[in-house]
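Asks: Here it is: the structure, laid out below.
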Amino acid sequence: MSIATSQQLTKYYETFRAISVTYTKEVVKSTGLQPPGVFLKCLGEQWPCVIYSSSFNEAKVLAPNRQSLMERISKANNLVSVRLSFKVSDAADPLLFYISGRISGFAPYAQSNGTLQFISIQFTQRPPDDFVEIIGRMLEANVNSARRKDDRILLTPDAMRTIGLARKESTVQIDGVPRKCILRDLSFTGAKVIIMGLAKFLVGKSCKLRVDLEDPRESIMIAGKVVRYEDVEGRKDLTAIALRFDDATIPMSYKMHLNDYLGQKKNQSDGEDGPEASKADSPPGRSG
């Protein structure tokens, strides 16, 4: 996980503080949430629960509907804390922290025959920076995947390192037939790859591209179709083909890796446009 600056954390918090995230399987996977490590704590005692949704202001959890828990909550004047656990790729132990809050409501979970209930919790403090970074990074990637969907990233060694791309060498399945390929560039919505042989007859066919990522290490498959081809200068035996991804199949983790690169390039650009750069670009004064 990249380390966000205090300025970036403030931006995440202010931009996304009211956005509610539902913890689908993909969100759990992309954030590294460890469901067995989620608990509701009240007056020193903890109950296992499921986090259903959260923003930077509040959370909704699915918790046991037990008399012992309800008595504790009443005794604590509805003050509780939520313990969250996240897997960090470069750490042996999970990241654990508590977020304090006050219960604002209860609702039965109909499918549990009365054994479970939804509990809504209004946070009484800003969540820890680790939580703001994990959720903010995911939400920013989702926004930028639409805003900057056609920005193409040429896969230089520096770009590969920042993205967390394990290798350029990959495979693309076209109409179910696997072909070795080399990744040339990536975007949120597609890729350009180099393959052996002619490709004119491949245009319009369905495909699946494998992308090998690090931090965390995983191989993802993204479905799409071949939209065009072009010759590779000086190599008659090679062809470059452009792939357009199916939006519904693009993993969140892929978006987050690409967004890390775009964010770093923006930070570098902002640094180059600092006071010294502005001074250098300003017109010279008149001589008196």
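Adding 1 to a residue's 1-based position in the sequence shown gives its number in the numbering used here.
Yeah, the Cβ is synthetic: ideal placement off N, Cα and C, and Gly gets one too.
Which of the three DSSP states is assigned to Phe246 in this structure?
Replies: In the sequence shown, counting from the first residue as 1, residue 246 sits at position 245. Looking at Phe246 - three-state DSSP - the assignment turns out to be strand.
Asks: Relative to the C-alpha of Leu155, which candidate in Phe189, Gly137, Val204 and Arg127 has its C-alpha closest?
Replies: Translated into the one-based positions of the sequence shown, residue 155 becomes position 154. Per the Cα distances, Phe189.
Asks: Enumerate, from N- to C-terminal direction, the unbroken beta strand (DSSP E) stretches of 3 or more residues contained entirely within the stretch 134-185.
Replies: 170-175
Asks: So, is Ser288 buried or exposed, given that buried needs 16 or more other C-beta atoms within 10 angstroms?
Replies: Position 287 of the sequence shown holds residue 288. Low per-residue confidence applies at Ser288: pLDDT is 36, beneath 50, and the placement is therefore not dependable, though the value from the model is reported in the following sentence. With fewer than 16 Cβ atoms within 10 Å of its Cβ, Ser288 is classed as exposed.
Asks: Can you tell me whether Val194 is buried or exposed, with buried defined as 16 or more other CB within 10 angstroms of its CB?
Replies: Reading the sequence shown from its first residue, position 193 is the one you call residue 194. Flag for Val194 reads buried.
Asks: Can you tell me which residues form a DSSP beta bridge with Pro49?
Replies: Taking the sequence shown and counting its residues from 1, the one referred to as residue 49 is at position 48. Partner(s): Phe40.
Asks: Please state the DSSP three-state secondary structure of Ala200.
Replies: Numbered from 1 along the sequence shown, position 199 holds the residue referred to as residue 200. Note: Ala200 maps to coil in three-state DSSP.
Asks: Only counting the same chain, and skipping five residues up and downstream in sequence, which positions put a Cβ closer than 7 Å to that of Arg185?
Replies: Here residue 185 corresponds to residue number 184 of the sequence shown, with the count starting at 1. Cβ neighbours of Arg185 beyond the five flanking positions: Leu156, Lys193, Val194, Ile195 and Ala241.
Asks: Which residue wins for smallest C-alpha separation from Pro204, given the options Pro128, Pro37 and Asp176?
Replies: Numbered from its first residue, the sequence shown carries residue 204 at position 203. Strictly speaking, residue 204 in this sequence is Val, with Pro absent from that position. For the residues Pro128, Pro37 and Asp176, the minimum Cα distance to Val204 belongs to Asp176.
Asks: Just confirm the distance between the C-beta atoms of Gly102 and Val83, as a whole number of angstroms; I'd bet it's less than 8 Å.
Replies: Walking along the sequence shown from the start, residue 102 turns up at place 101. Walking along the sequence shown from the start, residue 83 turns up at place 82. At roughly 7 Å, the Cβ-Cβ gap stays under 8 Å, so Gly102 and Val83 are in contact.
Asks: Arg287 by DSSP, collapsed to three states: which one?
Replies: Counting from one through the sequence shown, the residue named residue 287 turns up at place 286. At Arg287, the pLDDT of 38 sits below 50, so the modelled position is not reliable; the number obtained from the coordinates is stated separately. Three-state DSSP puts Arg287 in coil, outside helix and strand.
Asks: What number of angstroms, rounded off, separates the C-alpha of Lys181 from the C-alpha of Glu170?
Replies: Residue mapping note: residue 181 aligns to position 180 of the sequence shown, counting from 1. Residue mapping note: residue 170 aligns to position 169 of the sequence shown, counting from 1. Cα-Cα distance, rounded: 8 Å.
Asks: With DSSP collapsed to three states, give me the class of Asp282.
Replies: Within the sequence shown, residue 282 is the residue found at index 281, counting from 1. Summary for Asp282: the model assigns pLDDT 40, below 50, so the residue's position carries little reliability; its value from the coordinates is reported in the next sentence. In this structure, Asp282 counts as helix in the three-state DSSP scheme.
Asks: Could you give the distance in angstroms between the alpha-carbon of Ser220 and the alpha-carbon of Leu166?
Replies: Along the sequence shown, read from residue 1 onward, the residue named residue 220 stands at position 219. Along the sequence shown, read from residue 1 onward, the residue named residue 166 stands at position 165. Cα-Cα distance, rounded: 10 Å.
Asks: Do the stretch 38-53 and the stretch 216-231 touch if we need at least three Cβ pairs shorter than 8 Å?
Replies: no
Asks: With distances taken from CA atoms, which of Asn145, Val173, Gln265 and Asn58 is nearest Asp159?
Replies: For the purposes of this step, residue 159 is taken as the residue at position 158 of the sequence shown. Cα-wise, what sits closest to Asp159 is Gln265.
Asks: Quick test of your reading: Val81 and Ile122, contact by CB under 8 Å. State the CB separation rounded to the nearest angstrom.
Replies: What you label residue 81 is simply residue 80 of the sequence shown in a count that begins at 1. What you label residue 122 is simply residue 121 of the sequence shown in a count that begins at 1. Cβ atoms of Val81 and Ile122 come within 8 Å of each other, at about 6 Å.
Asks: Pair every Cβ in the stretch 227-234 with every Cβ in the stretch 107-127, then say whether three or more of these pairs are closer than 8 Å.
Replies: no
Asks: Terminal residues of the continuous beta strand (DSSP E) containing Phe119?
Replies: Numbered from 1 along the sequence shown, position 118 holds the residue referred to as residue 119. Element bounds for Phe119: Leu117 to Phe124.
Asks: Could you tell me whether the Cβ atoms of Leu117 and Pro65 are closer together than 8 Å?
Replies: Your numbering for residue 117 matches position 116 in the sequence shown. Your numbering for residue 65 matches position 64 in the sequence shown. Yes.
Asks: Can you check which of these residues, Thr163, Lys76, Lys206 and Gln126, is closest to Phe246 by C-alpha distance?
Replies: Taking the sequence shown and counting its residues from 1, one reaches residue 246 at position 245. Comparing alpha carbon positions, the residue from Thr163, Lys76, Lys206 and Gln126 closest to Phe246 is Lys206.
Asks: How far does the beta strand (DSSP E) with Ser86 in it extend, from its first residue to its last?
Replies: Numbered from 1 along the sequence shown, position 85 holds the residue referred to as residue 86. Start and end: Leu80 to Phe87.
Asks: Measuring straight from C-alpha to C-alpha, what distance separates Gly235 and Thr163?
Replies: Translated into positions along the sequence shown, residue 235 becomes position 234. Translated into positions along the sequence shown, residue 163 becomes position 162. Rounded to the nearest angstrom, the two C-alpha atoms are 30 Å apart.
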